[in-house]
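Colleague: Attaching a single structure in structure tokens format; questions to follow.
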DNA sequence: TGAGTCATGTAACCTGTTACATGATTTG
DNA sequence: CAAATCATGTAACAGGTTACATGACTCA
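Chains as they are written, first to last, in the UniProt record's numbering: chain S, 1 to 179; chain R, 1 to 179.
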């Protein structure tokens with residue numbers, strides 16, 4: 001989540017409240033967070049020097065605008081171009097895709113390729129699981145239970161195949177066409 | 001995660017180690033957890049009386065087999081048939097789908113219908129977001145950045161449409177065909 | 001006998017949530 | 001002027017992760 005905040009502040013320096021609204025609106029697609037956790041993350045980022053306070057309006061509860069520092073920009077860049085960590089493809093890839101326009105154009109395609117590869121790797125795991133399920137004989141009283149487990153797996157396989165071709169196509173095209 | 005453990009113990013009473021292996025293997029599709037968190041969840045479930053120790057092998061570190069209690073079965077049933085909580089469709093629906101065979105056959109289709117409805121509701125939110133994005137004029141210097149945000153949204157829309165039809169089809173068929 | 005795996009357990013830590021408190025500004 | 005919204009802040013808590021400790025069994 002820290003990286004999502006860094007990205008949002010790179011898009012536009014803004015206040016805690018602005019970030020909260022941003023998360024409620026569009027960013028929820030990619031990551032959801034409560035106001036409390038955004039505040040916490042903001043404090044941590046400040047402590048680590050990855051963001052700084054750009055301005056404070058005078059008065060008791062004046063608006064405080066935060067801005068990503070150079071160190072923060074570097075951290076964000078490392079995250080964008082680094083390992084696609086996260087147990088789940090959507091968690092690993094979508095936040096980065098959302099901010100991909102912040103990278104230099106030449107850095108984008110490799111990231112898309114790694115998303116495709118990650119999707120493909122996930123698919124391989126699921127296929128292995130499927131073969132494992134196919135290999136074992138199911139006692140009659142578990143027929144139904146296993147049928148739903150297979151259905152769950154089938155959903156995963158379908159999503160995985162979709163993800164591989166989707167990220168593959170995007171990488172082939174070198175990004176979204178309508179620039 | 002507590003509910004996933006309850007479900008696994010309903011499928012087969014087993015030890016902490018067995019659960020860890022289960023999570024590493026098949027269940028990862030649906031939920032992932034570290035060994036430490038499984039232990040923690042197990043202790044909590046014991047405290048709440050939702051599971052109990054079925055047997056302990058003698059000796060220093062003898063195998064301890066856990067079993068879901070009647071209260072645990074009730075809790076699990078409420079979870080399966082209750083609100084599809086969870087920010088994300090996959091998190092809300094897939095674990096329940098995985099265990100759907102544990103419900104009485106007449107209870108299954110309504111659950112599948114609610115998964116479809118949830119998917120449809122998520123899709124409506126994304127469509128609203130899309131219209132919001134379409135409505136606003138984008139300054140030239142943000143063209144690229146917004147293009148990637150649109151691409152992210154497009155991915156979400158495609159997954160959402162897929163989910164709606166997939167859960168819809170499954171509910172129409174009344175469950176997986178190959179029982 | 002030494003490596004690997006079966007098997008449980010502990011504790012510090014991190015991240016995020018909940019639920020609330022506080023006050024300023026806008027607008028019907 | 002009252003209500004809504006803008007705006008920040010806090011503290012307790014919950015859930016999960018990390019990293020390690022411990023010990024038994026198996027088998028090359």
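The beta-carbon is built from N, C-alpha and C at its ideal position, and this holds for glycine as well. Since the model is a prediction, treat every value here as computed from it, not as a measurement.
Just mark residue 3 of chain S as buried or exposed, buried being the case when its beta carbon has 16 or more other beta carbons within 10 Å.
Modeller: buried
Colleague: If residue 51 of chain R and residue 16 of chain R are in contact, beta carbons under 8 Å, what's the gap, nearest whole angstrom?
Modeller: Not really, about 11 Å apart at Cβ, beyond 8 Å.
Colleague: Please decide whether residue 23 of chain S counts as near chain R, where near means a Cβ-Cβ distance under 9 Å.
Modeller: no
Colleague: Can you grab the Cα-Cα spacing for the pair residue 110 of chain S / residue 77 of chain S, in whole Å?
Modeller: 14 Å
Colleague: Give the list of continuous alpha helix (DSSP H) stretches no shorter than 4 residues that lie fully inside the UniProt domain "Transcription regulator PadR N-terminal" (5–77) of chain S.
Modeller: 16–24, 35–47
Colleague: Tell me whether the stretch 129–146 of chain S and the stretch 70–89 of chain R touch, counting them as touching only if at least three CB pairs, one residue from each stretch, are closer than 8 Å.
Modeller: no
Colleague: When you compare the CB positions of residue 126 of chain S and residue 153 of chain S, do they come within less than 9 Å of one another, or not?
Modeller: yes
Colleague: Can you name the start and end residues of the alpha helix (DSSP H) that residue 126 of chain R belongs to?
Modeller: 105–135
Colleague: Hey, out of S:104, S:131, S:122, whose CA is closest to residue 174 of chain S's CA?
Modeller: S:104
Colleague: So that I know if they touch, is there some Cβ in chain S lying closer than 9 Å to that of residue 113 of chain R?
Modeller: no
Colleague: Kindly indicate the opening and closing residues of the alpha helix (DSSP H) around residue 156 of chain S.
Modeller: Segment 143–173, the alpha helix (DSSP H) holding residue 156 of chain S.
Colleague: If you measure beta-carbon to beta-carbon, which residues of the stretch 68–95 of chain R are closer than 8 Å to chain S?
Modeller: 87, 88, 90, 94
Colleague: To the nearest angstrom, how far is the alpha carbon of residue 107 of chain S from that of residue 97 of chain S?
Modeller: 12 Å
Colleague: Does residue 122 of chain S pass the burial test, meaning 16 or more other C-beta atoms within 10 Å, or should it be called exposed?
Modeller: buried
Colleague: Spatial neighbours of residue 67 of chain S within its chain, please: CB distance less than 8 Å, with the 5 preceding and 5 following residues excluded, ordered by chain position.
Modeller: 9, 13, 51, 52, 53, 54
Colleague: Suppose the cutoff is 7 Å on Cβ atoms and the five residues either side in sequence are ignored; what does the same chain contact list for residue 150 of chain R look like?
Modeller: 133
Colleague: Do residue 171 of chain S and residue 116 of chain S have their beta-carbon atoms positioned less than 9 Å apart in this structure?
Modeller: yes
Colleague: For residue 43 of chain S, which of S:31, S:29, S:6 has the nearest alpha-carbon?
Modeller: S:6
Colleague: Assuming residue 29 of chain S contacts residue 160 of chain R under a Cβ cut-off of 8 Å, what Cβ separation, rounded to an integer in Å, is found between them?
Modeller: No, residue 29 of chain S and residue 160 of chain R are not in contact; Cβ-Cβ is about 10 Å, not under 8 Å.
Colleague: What residue range is occupied by the uninterrupted alpha helix (DSSP H) comprising residue 99 of chain R?
Modeller: It is not in any alpha helix (DSSP H) - residue 99 of chain R carries neither H nor E in the DSSP assignment.
Colleague: For a test of the three-state rule: what should DSSP assign to residue 89 of chain S, helix, strand or coil?
Modeller: Secondary structure of residue 89 of chain S (DSSP, three-state): helix.
Colleague: What in chain S is Cβ-close to residue 158 of chain R, meaning under 9 Å?
Modeller: Listed along chain S are 162, 166, each with a C-beta nearer than 9 Å to that of residue 158 of chain R.
Colleague: Compute the distance between the beta-carbons of residue 102 of chain S and residue 11 of chain S, then report whether it is under 9 Å.
Modeller: Against a cut-off of 9 Å, the Cβ pair of residue 11 of chain S and residue 102 of chain S comes out as a contact.
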